[in-house]
Every structure is written in C-alpha cells, then in structure tokens.
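Quick note: the sequence shown uses the numbering used here, first residue 1087, plus one each step. Idealized CB from N, CA, C, for every residue including glycine.
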Amino acid sequence: MWVKTKNDHIILVPRELTDQAIEAFEDALNRAIGAAPPAIELDCSALGLVSSSHVNVLWTARQTCDDAGIPMRLVNTTERLIRTLKVLDLDIFFETDEVKGEGCDETPPPTPCDTEDRLLEIRLKPVNEEIIEALASFRQFLKDLNLNPFCALELETVFYEVITNIRQHGQTKPDVVVKIDAVAGPEAIELTFTDNGGAFNPSENLRQFDPENAIREGQKHGFGLTMIA
C-alpha cells in the first residue's frame, strides 16, 4: 500500500533521453535518495511515446530505489506507459497512480483497412527533429486509416522503437537516409525500415523475456525486441 507524505520527492522523467538528460535525471534521483525521504515519485507527465530506453530508465531507477530501501512510485502516468509495462509484464513491479481514460486492459482486434492498399513513404536522417516529424506523419497515416486506438498505439510504438534504435545503435554512416515504407492492406499493415548500418539479426541469442529474471540479474537493457514483438 502506497502512503503519500508531504516529504515525497518528485523527479521528472525526461521526454527526450539524451545523454545529458539521463545524467541529470540520475543526479536528481541520487540527490533525492541521499536526503533519505520516505518515498520517491517519478513524474511521467512529459512522456509521449514510450521507448525501451524509457523503460530502461524507469527500471534502473526502481532498482536504485530498492537498493536504498526507499519506495518508488510512478505518477502522472499515461495509457501508453501502462500499456508498455503490461506488454513487458513489468506493471506488477511498479506502483502507479490511476490513469485517466480507458482501454489499457484489453486490446480489441484491429479495424481492417479498405480493400485498396495505401502507401506511406518516409525518408529521414535519424536525428530527433526528423524522427518527431516522421512520427507525426505516420500517426496521421494511421488516423486516415481509421484504425482503433489500440492498434494505432501498438504500431506507433513499433515505429518509434525501431527508428530510435537505428539512431542509437545502427552504426550508420554520416550521410545516412533511413527509408521507411508503410503499406496498409485489408488484413495487415507492413512496415519496412532500410538504412546503411551494420547487419543485425535480432533472432540470434534471443530468449524469452522473464521479468523475474530481470530483477534477479539487474537487467537494464533488452526490452526493445519484446516491445516490438
């Protein structure tokens, strides 16, 4: 049972996870822990789409607070965040506030598109500004398809996770242009990402994600493939 007190420390989780933002967040968390408060709250109000990097930050913060013996809670949570934690079976390990809105518990089947295929072509350099613009274009594409919110949310998460991983881990050349093609048919939506980075086979050494193992081993990475799958 979470008991809120006047001395709770509240720390904002950054929307953009630059190295500087993560360092500032970790410094703020360590300062809060050093003050030995009865509890710490992580304010998630700035989060839009939730990437595996955000999960890494939240998970690491939880482990840090556990090691210090201080309860931690997520506040101002969104359906997107709760949905992501549920997909990873991590929701039971985080204390959260109530989320306004409905629809986190069940995912109805996606609404079929019409019989004529629709195509969206995006070309961008993997930098934050262009990723945000590309995501807006993709979100409008999904809106025009009249998909239900659950299906659109899952596809946005996949889109954001893949392009963010290309930016952070793709080892692309300086002049890279990432090609993204989305084809919507009557039964499926197919996304194809093409870049000039090194080859990577995500199925190699892939093991089923186990949240209990993640706790025991202090796992801080490896959530992305589970989120996409």
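Looking only at L1233, L1135, I1252, the smallest Cα-Cα distance to T1164 is reached by L1135. For the region 1193-1281, the full-length beta strand (DSSP E) segments reaching 3 residues or more read 1204-1210, 1264-1270, 1275-1280 along the chain.
Inter-segment contact for the region 1226-1236 and the region 1171-1186 is absent: fewer than three beta-carbon pairs are separated by less than 8 Å. In the structure shown, R1101 falls within a coil segment according to DSSP collapsed to helix, strand and coil. A residue is called buried once 16 or more other Cβ atoms fall within 10 Å of its Cβ, and T1280, having fewer, is exposed. In this structure, L1160 and L1128 form a Cβ contact; the two beta carbons are roughly 5 Å apart against a cut-off of 8 Å.
With contacts defined by Cβ atoms closer than 7 Å, A1147 and I1119 do not form a contacting pair. Between G1283 and Q1257, the C-beta gap is smaller than 7 Å, which places the two residues in contact.
As computed with DSSP, H1095 is found in a beta bridge with I1126.
Take the alpha-carbon of E1216 and the one of L1210: they are about 6 Å apart. For L1160, the enclosing beta strand (DSSP E) covers residues 1158-1161. The alpha carbon of A1132 has as its nearest neighbour, out of A1274, E1273, L1167, P1212, the alpha carbon of L1167.
The beta-bridge partner set that DSSP reports for E1181 consists of R1159.
DSSP places D1175 in the coil class of the three-state scheme, outside both helix and strand. Residue environment: V1213 is assigned as exposed (fewer than 16 neighbouring CB atoms within 10 Å of its CB, all protein chains considered). Residues of the same chain with a CB within less than 7 Å of the CB of Y1246, apart from the 5 flanking positions on each side, are L1135, S1137, L1221 in chain order. For T1146, the enclosing alpha helix (DSSP H) covers residues 1138-1154. For E1273, the closest C-alpha among the options E1112, D1203, D1113 is that of D1203.
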